[in-house]
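Chemist: Count along the sequence shown from 1, then add 174; that gives the number in my numbering.
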Amino acid sequence: MQKALISLAVLSLVQLSYAALPVREFGEPMKTDFQMWHDNCEIYIPGVTQKEIDRVRQGHFDTENQAIKNYAACVWLESKGINLDMIMNKAILDLYLPRKVEEDEYIGYLLCAKENRDKKVSFVDKIWGMLECNYKRNPNDFIFI
């Protein structure tokens with residue numbers, strides 16, 4: 175049950191968390207699906223506020239609130255953009271990433287996922303580390319829904 179909830183939270187976070195890129199930059203699937211992921215993860219991961227989501231979009235990863243980390247993991251799993259082994263799904267990312275950043279961002283996500291894959295931390299903390307890595311790599315195209 176916990177694995178399913180974390181998976182749901184990761185997926186929702188991925189689709190609902192975008193910082194520097196406005197929604198209009200995303201394709202139709204992202205515009206419609208991200209709200210569903212966000213809503214699902216909010217249901218399963220209580221305690222996440224819009225203020226915390228906005229702080230992550232601005233590159234603030236210094237939270238002690240486990241709920242925002244769980245939410246992030248939920249969004250990623252909800253979107254099916256990554257699995258519990260930290261393996262990215264290129265077909266899903268191709269579907270959701272804006273065309274203008276698709277290739278660079280995909281490579282960045284691969285590198286950041288790989289950097290966090292073998293860490294001896296929880297899946298949620300691996301996702302959080304991947305997000306922070308992506309922000310540091312390219313804050314202008316950072317995506318956090």
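Every residue gets a Cβ at the ideal spot worked out from N, C-alpha and C, and that includes glycine.
#1: What's the call for Q189, buried or exposed, on a 16-neighbour Cβ count within 10 Å?
#2: Using the Cα positions of K264 and G221, report the straight-line distance between them to the nearest angstrom.
#3: Looking only at its chain, what residues have a beta carbon closer than 6 angstroms to the beta carbon of M304, apart from the 5 residues adjacent to it on each side?
#4: Looking only at its chain, what residues have a beta carbon closer than 7 angstroms to the beta carbon of Q176, apart from the 5 residues adjacent to it on each side?
#5: Please classify N314 as buried or exposed, where buried requires at least 16 neighbouring CB atoms within 10 angstroms.
#6: Can you tell me whether L258 is buried or exposed? The criterion is at least 16 other CB atoms within 10 Å of its CB, across all chains shown.
#7: Taking E306 as the reference, give the member of H234, Q224, N214 with the closest Cα.
#8: Would you kindly work out how many angstroms separate the C-alpha atoms of Y280 and N239, rounded to a whole number?
#9: Could you spell out where the alpha helix (DSSP H) holding K293 opens and where it closes?
Modeler: Short version:
#1: Against the sequence shown, residue 189 aligns to sequence position 15. Here Q189 scores only 38 on pLDDT, less than 50, and its place in the model should not be relied on; the value that follows carries that caveat. Taking every protein chain shown into account, the CB of Q189 has 16 or more other CB atoms within 10 angstroms, so this residue is buried.
#2: Walking along the sequence shown from the start, residue 264 turns up at place 90. Walking along the sequence shown from the start, residue 221 turns up at place 47. Taking the Cα positions, K264 is about 31 angstroms away from G221.
#3: To locate residue 304, count along the sequence shown from 1; it is residue 130. Only residues of its own chain outside the window of five on either side were considered, and among them C286, A287, N290 have a CB closer than 6 angstroms to the CB of M304, listed in chain order.
#4: Taking the sequence shown and counting its residues from 1, the one referred to as residue 176 is at position 2. Residue confidence is low: Q176 scores 46 on pLDDT, short of 50, so the model does not pin down where it sits. No coordinate-derived value is stated.
#5: Within the sequence shown, numbered from 1, the residue matching residue 314 stands at position 140. Answer is exposed; the Cβ neighbour count stays below 16.
#6: Within the sequence shown, residue 258 is the residue found at index 84, counting from 1. With fewer than 16 other Cβ atoms within 10 Å, it is exposed.
#7: Reading the sequence shown from its first residue, position 132 is the one you call residue 306. E306 has its Cα closest to that of H234, out of H234, Q224, N214.
#8: The residue labelled residue 280 in the question sits at position 106 within the sequence shown. The residue labelled residue 239 in the question sits at position 65 within the sequence shown. Each residue's Cα considered, the two are about 28 angstroms apart.
#9: The residue given as residue 293 occupies position 119 in the sequence shown. K293 -> no alpha helix (DSSP H), and no H or E assigned at all.
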